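**Student:**
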Amino acid sequence: MSASAIFFYIISTFILGMGLLAVTSKKIFRSAIWLLFCLVGIAALFFWMQLEFLAAVQIVVYAGGIVVLIIFSIFLTQRAGTDLPKPRPRRIIFSVLATIFGFGLTYSIVYQHPFVASNNAPLNVTVNQIGTQMLGTGRDGYALPFEVVSMLLLAAMIGCIVIAMKSPVLRQSETEKDIETEKLESNSVTV
Amino acid sequence: MSQIPLSHILFVSTALFFIGMYGFFTRRNMITMLMSVELILNSVNINFVAFNKYLFPQKMEGLFFTLFIITIAAAEAAVAIAIIINLYRSHRSVDIEDADEMKY
Amino acid sequence: MNQFQYIVYIPLLPLLSFLLLGLFGKKLPGRISGFIGTLVLLAVTLLSVCVAYEYFFLDGKQDGVYKLLVPFKFTWLSFSPGLSIDMGITLDGISAMMLVVVSLVSLMVHLFSLDYMKGEPRFSVYYAFLSLFTFSMLGLVVATNIFQIYIFWELVGISSYLLIGFYYEKPSAVAAAKKAFIVTRFADLGFLVGILMLAFYAGSLDFETIMQTLRNGNSPQSLAITSASFLGFSALTWALVLVYAGGGGKSAMFPLHIWLPDAMEGPTPVSALIHAATMVVAGVYLVARLFPIFSFNNAALEVVTFIGTISALLAAIIACTQTDIKRVLAYSTMSQIGYMMLALGVSRYGGEHGLGYTASMFHLFTHAFFKSLLFLCAGAVIHFVHSNEMKDMGRLAKLMPLTHLCFLVACLSIAGVPPFSGFFSKEEILSAAYRHNKLVYGIGVFTAGLTAFYMFRLYFSVFWNKTNKEYHHHAHTGPMMKIALVCLALFSIVSGFVPFSKYISSDGVPFQVEAEWMQSLLPIAVAVLGILAAYILYFKESSRPEIIARNFGAIYRTAYRKFYIDELYLFVTKKIIFNGIGRPAAWIDRNIVDGTMNAIAKLTARLSNLIKGFQSGQLQAYVMYFFAGVAGLTLLIIYLWK
């Protein structure tokens, strides 16, 4: 049992434990924190797999962006101190059964499949290589998905603003427009 | 790394996936449901990199896929929060069982 | 044969008139629709007279025999190579005669109605219905095919229904129309079964073919039909009796006569046309048309005779007690048609033996004229007095001179007083009966006496005797009414002198009827006795009728109540048919049939209520279903995909 193997088991236990805590915790804020730890654990797993760039991205985006966003929204929508409502027992039983059944099904398939590990020497992934391939346009180049994803991010940004917007100025001008269209319609009827 | 067979890593990702699914079924608060969805997405990320590392160490496809998944997960979480805030304004509650207008 | 092809216009013209008046009549002002109808009928009458003239006097005779011609025929529906429904025109003695009778009487009724129905809001509808009836009746009398007769038979029934129920605001008229239609329809059930049996055995629906195969004693079809038997009677007897049942319904023979008195609810010209001269003789015409086969089967002939005699006698007895002028005439019609049936029943086929056949047709001919004249005069009287009851009439002789004269002529004719037409035809019937069955002859003579009695009872009560109301003005009988009455009166007088037997006989061979003056003295004497009795009782106001009625007591009451036959029918239908069959059927329909449908609907509703719970609006439930679906598909693909 080498050190990396022990590391792996510790990290995976950590991930799973935090995940469990995240989905079963009664306080919402704590749930968010357990989620944060879980994501950091996954980043550690990436480190263990020698994908440092990915781990960094994981921490920056997920732990630093998404979890913060979640915490902001918790503050925006409710009192963080109160307990979460407990789900009904029937629902818990069904979900547990479904989870166990699903896990059993999936893992049995996975277990039976002989994955042949490749014997090639692992590539040492540098940021240089990642960057070149990401913006490359030849074979194995990811320039197009990169551009598409940036469009998607723009759309998501605009969409979020529009959905969550509630500005009084826009509302007033909207009601004014409604009154005008009503007048126009009534005029046409009387003529 | 070679001492850990691939199936162990897949065990971790599968377990994480189903933990996230359990959380999605069970939780009543919309934001905690969003957290469970993030867990699921992360399990998929682990899967991609594991397969990349073990079966095709010369290539980087899994890595790129994972990068894109992270990006899109971020966008999706943002939009989801916007929707939750909008729902909160109209229903004064983020309980998923209060948003049942699609009932018969 | 081609020269007679214009016959096809004879039924078609009234059909066109019906369509025209029915669709556009409302838009025509005043009485124009009536004039159009009358003009069309005038054309039809002229055509019929032309046809009759050509047939009887010019071309009809081939080798001294009046043969059955078929100038026009086409196949309408073909069931199999041998069996088909044809539509066509038959021309022989009786159909030519019927053409003339129907069109003449219809023309007189059209003329009369121009004044009688003046001011009626549905004037054009009335004339449309009259045209429809004329078309149906004309189509009936020229039918070549027994099914064609059936089709026109039903058409005549519909026209009768429409015309009886013409004043549809009166519930009694509606009830009468329904009664007429239902009773005749019920009789037509027998008619249809009879037709089918004849068609089955003869292999064809055509009259000519049926006659040929079933009259000849040796043909295979004839042997088949006489050998097959049911309850002791041969199939031929059953078929003929069933066909006769249909004819009996239409002709108001006992016991299917209950509709005829009630049918007097219709306008009086309608009664004159339909229920005196044309529709009610359809049954007689049917037997005459099928006479070659009837004469072959003694049992059927006995039935015909029996029913005819009973009807004649029964109707005469009832008519003696009735007080409604039209009902007296209705029962009189039933009685006279009984005579016609009786005459057919005692007849045989061929030459002199066919005297009864000729006599029956002769009586049909003369009866059409004097009976419609009687009805139209009654119509004029009712028009003046505004009531149907005899007690409201009286002393009308001075006030309605022309009507009085025509009525008298008709009464003398029906009573059988020479030289009026009724004498000759009744004479021939009685002498045919004398040769065959003395009992029938005796009953016939007695009924003749009764006929004279009740007709003159009617005459004296209406035109002499006393009156409840005083009328100070003369009746305003319109000019058209007068023309119609005078024409019919002329025909009543003249038609007796036609040497009928030279033209119409059972097998087409003309023969000579000897007038036995000694034999005809008895009916004349009986008729005079009847007239005298009526004179004594009814000419002047007296209490003798009441005294006689009281003395007869129960018999009088039974006759007045029409022998309780209506009550019997009502009992059977209400207690037995309605309660025994109608109610259980309704119960089954409501509870079992409807119940099944309702149960299915309720079941569906409950199932849907159960299923709609799936759409709970709960996101997590939806996700669980989603997951279940995915898991199921996965299992399916992994373990069952081969």
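Residue numbers (my numbering), protein chains in the order written: chain A, -19 to 171; chain B, 422 to 525; chain C, 23 to 664. No residue lacks a Cβ here, since even glycine has one placed at the ideal position from N, Cα and C. Note that the coordinates shown come from a computational prediction; the quantities given were computed from them, not determined experimentally.
#1: Pull out every residue of the region 646 to 660 of chain C whose Cβ sits closer than 9 Å to any Cβ of chain B, in chain order.
#2: What's the C-alpha gap between residue 575(C) and residue 581(C)?
#3: Between which two residues does the beta strand (DSSP E) holding residue 99(C) run?
#4: Is there at least one Cβ from chain B nearer than 8 Å to residue 206(C)'s Cβ?
#5: Answer with buried or exposed for residue 57(A), where buried requires no fewer than 16 other C-beta atoms within 10 angstroms of its C-beta.
#6: Can residue 186(C) and residue 195(C) be called in contact, C-beta distance under 8 Å?
#7: Applying a beta-carbon distance threshold of less than 8 Å, which residues of chain C neighbour residue 517(B)?
#8: Does the beta carbon of residue 459(B) come closer than 8 Å to any beta carbon on chain C?
#9: I want to see whether chain B comes within less than 8 Å of residue 192(C), judged by CB atoms only; does it?
#10: Is the beta carbon of residue 17(A) closer than 8 Å to that of residue -2(A)?
#11: Taking the alpha carbon of residue 19(C) as the reference point, which residue from 331(C), 263(C) and 369(C) has its own alpha carbon closest?
#12: What residue from 503(B), 484(B) and 480(B) has the CA that sits closest to residue 465(B)'s CA?
#13: Closest to residue 401(C) by C-alpha separation, out of 384(C), 425(C) and 178(C), would be which residue?
#14: Alpha carbon to alpha carbon, what distance is there between residue 444(B) and residue 72(A)?
#15: Establish whether the CB of residue 78(A) and some CB of chain C are separated by less than 8 Å.
#16: So, helix, strand or coil for residue 560(C), using DSSP?
#17: Can you confirm whether the region 381 to 392 of chain C touches the region 468 to 485 of chain C when touching is taken to mean that 3 or more C-beta pairs between the two stretches lie within less than 8 Å?
#18: Indicate whether the contact test is met: 3 or more Cβ pairs, each with one atom in the region 92 to 111 of chain C and one in the region 494 to 509 of chain B, closer than 8 Å.
#19: Between residue 59(C) and residue 125(C), what straight-line distance do the alpha-carbon atoms span, to the nearest angstrom?
#20: Quick one: list the residues of chain C neighbouring residue 485(B), beta-carbon separation under 9 Å, in chain order.
#21: Would you mind working out which of 290(C), 617(C) and 299(C) sits nearest residue 274(C), comparing C-alpha positions?
#22: Examine the Cβ distances between the region 29 to 44 of chain A and the region 487 to 494 of chain B and report whether three or more of them are shorter than 8 Å.
#23: Below 8 Å on the Cβ atoms is my contact criterion, and I expect residue 316(C) with residue 351(C) to pass it. Report the Cβ-Cβ distance as a whole number of Å.
#24: Per the DSSP calculation, residue 106(C) is bridged to which residue(s)?
#25: To the nearest angstrom, how far is the alpha carbon of residue 389(C) from that of residue 96(C)?
#26: Just the C-alpha distance for residue 293(C) and residue 42(C), rounded to the nearest angstrom, thanks.
#27: Three or more C-beta pairs closer than 8 Å, one from the region 451 to 465 of chain B and one from the region 83 to 91 of chain A: is that the case here?
#28: What's the call for residue 441(B), buried or exposed, on a 16-neighbour Cβ count within 10 Å?
#29: At a CB-CB cut-off below 8 Å, which residues of chain C make contact with residue 445(B)?
#30: Go ahead and label residue 33(C) buried or exposed: buried means 16 or more other beta carbons lie within 10 angstroms of its beta carbon, across all protein chains shown.
#31: What residues from chain B crowd round residue -18(A), counting only those whose CB sits closer than 7 Å?
#32: Does the CB of residue 82(A) have a neighbour CB from chain C at under 8 Å?
#33: Please specify which runs of the alpha helix (DSSP H), each continuous and at least 4 residues long, are wholly inside the region 11 to 74 of chain A, giving them in chain order.
#34: Can you grab the Cα-Cα spacing for the pair residue 501(C) / residue 72(C), in whole Å?
#35: Taking the straight line between their C-alpha atoms, what separation do you get for residue 504(C) and residue 135(C)?
#36: Would you kindly report the start and end of the unbroken alpha helix (DSSP H) that includes residue 636(C)?
**Tutor:** Once the coordinates are examined:
#1: 646 and 649
#2: Indexing the third sequence from 1 puts residue 575(C) at position 553. Indexing the third sequence from 1 puts residue 581(C) at position 559. Approximately 10 Å, taken between the alpha carbons.
#3: To locate residue 99(C), count along the third sequence from 1; it is residue 77. Looking at the DSSP string, the run of the beta strand (DSSP E) that includes residue 99(C) is 91 to 100.
#4: Position 184 of the third sequence, counted from the start, is the residue given in the question as residue 206(C). Not closer than 8 Å to any Cβ of chain B, the Cβ of residue 206(C) fails to qualify, so no.
#5: Within the first sequence, numbered from 1, the residue matching residue 57(A) stands at position 77. Label assigned to residue 57(A): buried.
#6: Residue mapping note: residue 186(C) aligns to position 164 of the third sequence, counting from 1. Residue mapping note: residue 195(C) aligns to position 173 of the third sequence, counting from 1. Result yes, Cβ atoms of residue 186(C) and residue 195(C) sit closer than 8 Å.
#7: As a first step, residue 517(B) is located in the second sequence; it is residue number 96 there, counting from the start. Neighbours of residue 517(B) on chain C, chain order: 640, 641 and 642.
#8: Translated into the one-based positions of the second sequence, residue 459(B) becomes position 38. Answer no: the Cβ-Cβ gap between residue 459(B) and chain C never drops below 8 Å.
#9: Taking the third sequence and counting its residues from 1, one reaches residue 192(C) at position 170. With 8 Å as the cut-off, residue 192(C) does not count as an interface residue toward chain B.
#10: Start at 1 with the first residue of the first sequence, and residue -2(A) comes out as number 18. Start at 1 with the first residue of the first sequence, and residue 17(A) comes out as number 37. Contact: yes.
#11: Outside the shown range of chain C, which is 23 to 664, sits residue 19(C), and nothing can be said about it.
#12: In the second sequence, residue 465(B) corresponds to position 44, counting from 1. When each option's Cα is compared against that of residue 465(B), the closest is 484(B).
#13: What you label residue 401(C) is simply residue 379 of the third sequence in a count that begins at 1. Of 384(C), 425(C) and 178(C), the residue nearest in Cα terms is 425(C).
#14: Sequence index remark: in the first sequence, residue 72(A) carries index 92 (1-based). Sequence index remark: in the second sequence, residue 444(B) carries index 23 (1-based). Whole-angstrom Cα-Cα distance: 10 Å.
#15: Residue 78(A) sits at position 98 when you count from the first residue of the first sequence. Chain C, which has a Cβ nearer than 8 Å to the Cβ of residue 78(A), makes this yes.
#16: Taking the third sequence and counting its residues from 1, the one referred to as residue 560(C) is at position 538. Residue 560(C): helix per DSSP, three-state reduction.
#17: no
#18: no
#19: Taking the third sequence and counting its residues from 1, the one referred to as residue 59(C) is at position 37. Taking the third sequence and counting its residues from 1, the one referred to as residue 125(C) is at position 103. The straight-line gap from Cα to Cα measures roughly 12 Å.
#20: Reading the second sequence from its first residue, position 64 is the one you call residue 485(B). Within chain C, no residue comes near residue 485(B); the closest Cβ sits about 27 Å away, beyond 9 Å.
#21: As a working mapping, residue 274(C) is identified with position 252 in the third sequence. For the residues 290(C), 617(C) and 299(C), the minimum Cα distance to residue 274(C) belongs to 299(C).
#22: yes
#23: The count along the third sequence starts at 1 and reaches residue 316(C) at position 294. The count along the third sequence starts at 1 and reaches residue 351(C) at position 329. At roughly 29 Å, the Cβ-Cβ gap does not stay under 8 Å, so residue 316(C) and residue 351(C) are not in contact.
#24: Position 84 of the third sequence, counting from 1, holds the residue named residue 106(C). Note: residue 106(C) sits in a beta bridge opposite 100(C).
#25: For the purposes of this step, residue 389(C) is taken as the residue at position 367 of the third sequence. For the purposes of this step, residue 96(C) is taken as the residue at position 74 of the third sequence. Taking the straight line joining both Cα atoms gives about 34 Å.
#26: The residue you call residue 293(C) lines up with position 271 of the third sequence. The residue you call residue 42(C) lines up with position 20 of the third sequence. About 24 Å.
#27: no
#28: Start at 1 with the first residue of the second sequence, and residue 441(B) comes out as number 20. So residue 441(B) ends up on the buried side.
#29: For the purposes of this step, residue 445(B) is identified with residue 24 of the second sequence, where counting begins at 1. Chain C residues near residue 445(B): 642 and 645.
#30: Residue mapping note: residue 33(C) aligns to position 11 of the third sequence, counting from 1. Per the 10 Å Cβ criterion, buried.
#31: Taking the first residue of the first sequence as position 1, residue -18(A) is located at position 2. Residues of chain B passing the Cβ test: 424.
#32: In the first sequence, counting from the first residue as 1, residue 82(A) sits at position 102. So yes, residue 82(A) belongs to the interface.
#33: 32 to 37 and 47 to 57
#34: For the purposes of this step, residue 501(C) is taken as residue 479 along the third sequence, with counting starting at 1. For the purposes of this step, residue 72(C) is taken as residue 50 along the third sequence, with counting starting at 1. Going from the Cα of residue 501(C) to the Cα of residue 72(C) covers about 27 Å.
#35: For the purposes of this step, residue 504(C) is taken as the residue at position 482 of the third sequence. For the purposes of this step, residue 135(C) is taken as the residue at position 113 of the third sequence. If you take the alpha carbons of residue 504(C) and residue 135(C), they lie about 11 Å apart.
#36: Position 614 of the third sequence holds residue 636(C). Where residue 636(C) is concerned, there is no enclosing alpha helix (DSSP H), given that its DSSP letter is neither H nor E.
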